[in-house]
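In this note's numbering, the protein residues as written are 18 to 710.
Printed below as a string of structure tokens:
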């Protein structure tokens with residue numbers, strides 16, 4: 018039978034071999050190419066990344082926190098200090114590498130929570146032990162607990178080292194459930210609680226547990242107080258434990274510097290005592306503030322803003338009246354709303370208490386965003402209010418105390434002298450016949466002072482005399498002195514958050530609308546800070562020199578070496594020494610009980626036997642606010658006194674924001690407070706008495 022199969026192709030087998038060889042060669046080249054690329058990636062392109070990764074795995078880099086500097090009073094009393102505590106640090110990434118399971122880590126979290134015994138839940142600790150970043154990668158550094166005392170920290174670390182998984186084979190060590198370590202930290206404490214808290218301020222912890230100044234001197238001197246952290250770098254094993262017999266590379270921390278204040282704790286205590294008494298006695302709806310300063314140097318001996326807070330627990334509202342109102346579940350009374358508006362400002366609370374009830378329920382806006390409850394909003398505003406230093410952060414209308422500035426401008430410019438007279442018949446109408454600008458001014462209670470010189474006008478606090486004085490001065494000259502006394506810029510005091518805004522009329526505004534000039538002449542419708550007013554009064558008292566107020570005398574390191582020393586800074590001379598003496602004589606006449614016949618406006622309530630004191634009161638109607646419930650204006654009452662008058666050393670300035678009492682003048686309400694402060698501060702400071710006074 019014939020063979021019907023096709024003949025074999027002798028080249029087929031050869032072709033198969035060739036293709037096989039080519040495929041193998043191509044595969045080999047591809048693998049080699051991949052290998053080369055991987056070597057390139059590992060050794061060249063990503064070398065730095067893997068080098069860093071290796072160092073991270075092999076080394077433990079620990080930050081050594083610097084101890085925050087202390088704050089001392091002028092007499093060396095410790096007002097703020099740091100205490101050493103410990104943070105518990107976790108390395109979730111290393112824990113996973115060590116083979117810890119979810120159940121094991123959760124068990125460990127439960128036991129750590131028991132050891133802490135501070136209310137921290139096991140769920141919170143577990144979340145930190147397993148925390149991942151936004152890329153889904155486990156963190157290598159997580160703070161599990163902050164501010165832990167050393168015995169508790171040691172117990173947690175010992176537990177984490179002893180708690181291991183069972184080894185799979187005999188002789189194996191096993192793996193730690195959570196890789197934990199400790200990190201030294203500090204907490205801030207204030208031994209005297211609320212004492213001078215609006216000046217000292219307080220600290221917060223940042224996301225890494227580091228203390229950071231939030232308010233007061235703690236904030237303004239953050240760079241000096243904080244110090245510079247150090248580092249400790251040590252080799253570790255596969256479990257993240259520091260290798261035995263290895264020496265860590267340690268760069269010591271540089272502790273923060275200390276602040277030594279001009280603030281005298283004894284003067285501060287006297288001021289706070291009498292200010293608190295006045296707040297209660299005169300039912301002050303707003304806040305009260307006070308300053309005692311050296312008029313020659315600008316050094317602040319005391320500064321208070323009440324109500325204050327405890328910097329050891331700054332989140333608590335310490336104003337009992339405010340907290341009582343805040344906790345009401347029924348409708349607020351008119352008096353409640355009055356208190357809230359007095360403390361927080363009517364514009365701030367108007368929208369929140371529109372229905373007269375403080376709700377504790379959260380709401381949502383039109384976009385679905387959660388809005389805090391009215392209770393939470395008001396509580397936050399009250400906290401913020403009590404943290405602020407009213408002396409530098411809030412504006413007030415000075416009233417008649419500003420007449421000293423008008424008198425200074427008249428005398429120093431040479432346009433007037435002490436014998437300058439104007440007539441007061443109880444009322445003065447300006448711009449008669451003008452529907453827009455006609456206005457009639459009065460002296461308090463329509464009093465008629467008749468013909469007066471400058472000293473008599475200051476003693477009587479005559480509005481009409483000073484309106485006529487401003488007419489004589491004209492806007493340009495008057496404004497030049499307003500600016501020279503520092504009312505258009507911050508004082509430069511070394512405290513944070515001094516407002517840069519004031520509300521004073523400039524020359525153009527006073528020229529265009531003359532009522533602006535007239536009201537400014539007696540301290541109405543202009544708003545400044547208490548610190549600005551006190552600094553201007555100090556300039557009048559010290560011979561005419563505007564100084565920069567300060568509260569930190571020096572900054573020192575832990576060895577007591579002076580890092581920086583504050584020197585008196587004279588910004589400029591505003592008035593001549595001769596004019597200063599003339600004004601001091603008139604101020605003394607105001608306070609001397611034998612130097613005045615007027616009772617209503619007399620400043621003699623600030624008189625203290627044995628001391629030559631000069632002073633001026635100021636009562637301003639808050640025309641920027643609606644009328645009170647009783648139909649009267651909200652009032653700001655202030656008083657400034659300097660002594661001894663023949664060579665002034667100190668100034669005592671007190672402001673009460675909206676007191677409600679039988680009498681309505683600062684000379685009757687605030688002057689006695691100033692007198693009480695002087696009666697204790699003057700003997701303590703060694704100010705000599707004069708037997709003739």
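We put the beta carbon where it would ideally sit given N, CA and C, even for glycine. No experiment lies behind these values; they were computed from the predicted model shown.
With distances taken between CB atoms, is the gap from residue i to residue j smaller than 8 angstroms?
i           : j           : result
residue 289 : residue 304 : no
residue 562 : residue 317 : no
residue 218 : residue 231 : yes
residue 361 : residue 402 : yes
residue 475 : residue 538 : no
residue 520 : residue 544 : yes
residue 96  : residue 247 : no
residue 108 : residue 196 : yes
residue 104 : residue 165 : yes
residue 106 : residue 179 : no
residue 551 : residue 601 : no
residue 314 : residue 585 : yes
residue 436 : residue 428 : no
residue 420 : residue 540 : yes
residue 393 : residue 387 : no
residue 345 : residue 336 : no
residue 683 : residue 635 : yes
When we look at the beta-carbon of residue i and count the other beta-carbons within 10 Å, is it buried (16 or more) or exposed?
i           : result
residue 620 : buried
residue 569 : buried
residue 85  : buried
residue 38  : exposed
residue 149 : exposed
residue 518 : exposed
residue 506 : exposed
residue 616 : Confidence in residue 616 is poor, its pLDDT being 44 and thus under 50, which makes the residue's placement too unreliable to answer from.
residue 495 : buried
residue 9   : In the structure as shown, the chain begins at 18 and stops at 710. Residue 9 is therefore absent and cannot be evaluated.
residue 598 : exposed
residue 679 : exposed
residue 46  : exposed
Determine, for residue i, whether the minimum Cβ-Cβ distance to residues of chain C falls below 8 angstroms.
i           : result
residue 691 : Checking the listed chains, one finds no chain C in this structure; it contains a single protein chain.
In its own chain, which residues sit with a C-beta less than 6 angstroms from the C-beta of residue i, not counting the 5 before and 5 after it?
i           : result
residue 532 : 456
residue 285 : 213, 319
residue 702 : none
residue 204 : 100, 102, 164
residue 407 : 304, 306, 322
residue 454 : 448
residue 236 : 218, 230, 513
residue 189 : Caution applies to residue 189, whose pLDDT of 49 falls short of 50 and renders its modelled position unreliable; the value that the coordinates give is listed next. There are no such residues.
residue 351 : 646
residue 279 : 91, 316, 317, 568, 570
residue 534 : 487, 492, 527
residue 221 : 229, 231
Can you tell me the Cβ-Cβ gap for residue i and residue j, rounded? I've got them flagged as a contact below 8 angstroms.
i           : j           : result
residue 630 : residue 595 : At roughly 21 angstroms, the Cβ-Cβ gap does not stay under 8 angstroms, so residue 630 and residue 595 are not in contact.
residue 657 : residue 632 : 6 angstroms
residue 624 : residue 660 : Contact doesn't hold; Cβ gap of about 11 angstroms is too wide.
residue 373 : residue 349 : 5 angstroms
residue 473 : residue 439 : About 10 angstroms separates the two Cβ atoms, so there is no contact after all.
residue 144 : residue 137 : Their Cβ separation, rounded to whole angstroms, is 11 angstroms, which puts residue 144 and residue 137 out of contact at 8 angstroms.
residue 233 : residue 513 : 7 angstroms
residue 564 : residue 587 : 6 angstroms
residue 241 : residue 572 : 5 angstroms
residue 677 : residue 417 : Contact doesn't hold; Cβ gap of about 20 angstroms is too wide.
Here's a check: name, in chain order, each residue in its chain whose Cβ is nearer than 7 angstroms to the Cβ of residue i, leaving out the five neighbours to either side.
i           : result
residue 697 : 287
residue 536 : 542
residue 172 : 132
residue 142 : 126, 129, 130, 161
residue 422 : 498, 499, 502, 553
residue 460 : 441, 443, 466, 479, 480, 481
residue 590 : 561, 562
residue 32  : none
Who are the near neighbours of residue i in its chain, counting only those whose CB is closer than 8 angstroms to its CB and skipping five residues on each side?
i           : result
residue 363 : 642, 643
residue 694 : 287, 288, 291, 307, 309, 669, 671
residue 639 : 414, 650, 651, 652, 653, 675
residue 159 : 106, 107, 108, 109, 145, 146, 148
residue 510 : 317, 409, 548, 565, 566, 567, 568
### Message
Extract the residue ranges of the beta strand (DSSP E) inside the segment 540–616, only unbroken runs of 3 or more that lie entirely within it.
### Response
562–564, 569–573, 579–582, 587–590
### In chain order, each alpha helix (DSSP H) run of at least 4 residues that lies wholly inside the segment 78–147
109–114, 119–133, 139–146
### Task
Ignoring anything shorter than 3 residues or poking outside the segment 408–458, list the beta strand (DSSP E) runs there in chain order.
439–441, 444–447
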